[in-house]
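Under the working numbering, residues 1 to 264 are what the sequence shown spells out, in order.
Positions of the beta carbon are idealized from the N, C-alpha and C atoms, including for glycine.
Computed from a predicted structure; not experimentally measured.
Structure first, then comments.
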Amino acid sequence: MRTWLELAAGELRRYSAYRLAVLAGVFTNSVFGFLRVGILVSAVTTAGGSLAGYTAEGASTYVWLGQALLAPLALMGWSEIADRVRTGDIAVDLARPVDLQLSWWARDLGRAAFVLPARGLPPLLVGALTVGFALPGSWTAYPLGLLSVLVAVSLSFALRFLLNLAAFWVLDFRGIAGLYFVVVGPLCGLYVPVHLFPDWLAALAHATPFPSMFQSPIDVLSGRVLGADALAVLGVQLVWLAVVALLGRLVLARATRRLVVQGG
């Protein structure tokens, strides 16, 4: 446990050194938050004040919580493992007396522990002071919401880790990473809530782990789901986390058996 905590703390310190990047990220998230709020609230207003259970205030809440989660979830991509495969440094990682998946998982949690308050809370505060949003109707939404965010960050890492392992087989990882974002963005609820999808598209989205990574923590944090419903959402998140993490271990085992260092 001490090893994982030290890895997480080291990554937290590494990300805390990039203060200008943090400020730029806060500004960008806030600007795009206003754009997203304008579009989604207009859609709700056009629909008569309520759309799939979202009021204007609920739509604003959805957007600003989503903006707060963008950086912790690293939805825009992450390629550190793929880069190390390309340069050959992955051989050093595999020779170390620590589990590759668990060590990077600990590091990613350390990264998220910094960027959540540093890049997530400021846009949330901007939204609260300007547009406003609704608070959950029960105090249980807060602890369950934080747990849901923790699982979502872990699920996001498990997916990104699995995706990066493709670098063991392909020469150029960028195409796969681009395709991943094209698919994940719509299906996780980044652009519009999954609850607004037509039935067939919602069924398709829920057949993937992507809503559990973005839509689910927002639903729990905002109080859209409470009590037993919130626990059920958490249960689905945990199932997807277990499935994707196990798949990552299986693919990693196969990759290490036929390790070919590309470009180095």
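What are the partner residues of residue i, as DSSP defines its beta bridges?
i	result
Leu51	Tyr54
Can you give me the start and stop residues for the alpha helix (DSSP H) that residue i sits inside?
i	result
Val44	Arg19 to Thr46
Ala253	Ala228 to Arg257
Gly10	Arg2 to Ser16
Leu146	Ala141 to Asn164
Pro122	Leu121 to Thr130
Quick one: what does DSSP say residue i is sitting in, helix, strand or coil?
i	result
Leu190	coil
Met213	helix
Ser79	coil
Gln262	For Gln262, the predicted model reports a pLDDT of 47, less than 50, meaning its position is unreliable; a value from the coordinates is still stated below. In this structure, Gln262 counts as coil in the three-state DSSP scheme.
Ser103	helix
Thr87	helix
Thr208	coil
Ser138	coil
Asp199	helix
Asp108	helix
Phe114	helix
Phe133	coil
Can you list, in chain order, the residues of its chain with a C-beta nearer than 7 Å to that of residue i? Leave out the 5 residues immediately preceding and following it.
i	result
Ala205	Leu187, Val194, Phe197 and Pro211
Leu252	Leu100, Gln101 and Leu165
Ser16	Phe114
Arg249	Gln101
Tyr191	Gly185
Val41	Ala56, Ala59 and Ser60
Thr3	Val98
Count the other CB atoms within 10 Å of the CB of residue i; is the residue buried (16 or more) or exposed (fewer)?
i	result
Pro117	exposed
Gly264	The predicted position of Gly264 is uncertain, since its pLDDT is 45 and thus under 50; a value taken from the coordinates is nonetheless stated next. Counting Cβ neighbours within 10 Å, Gly264 comes out exposed, since fewer than 16 surround it.
Asp199	exposed
Asp172	exposed
Ile39	exposed
Only counting the same chain, and skipping five residues up and downstream in sequence, which positions put a Cβ closer than 6 Å to that of residue i?
i	result
Met76	none
Val92	none
Determine, for residue i, whether the minimum Cβ-Cβ distance to residues of chain D falls below 9 Å.
i	result
Leu187	Among the chains in the structure shown there is no chain D, since it carries only a single protein chain.
Please work out which residues of its chain come closer than 8 Å, Cβ to Cβ, to residue i, disregarding the five sequence neighbours upstream and downstream, and give them in chain order.
i	result
Ala52	Pro193, His195 and Leu196
Tell me whether residue i counts as near the ligand ZN, meaning its Cβ is closer than 8 Å to at least one heavy atom of that ligand.
i	result
Leu35	As presented, the structure is devoid of all ligands, the ligand ZN included, so that no description of it is given.
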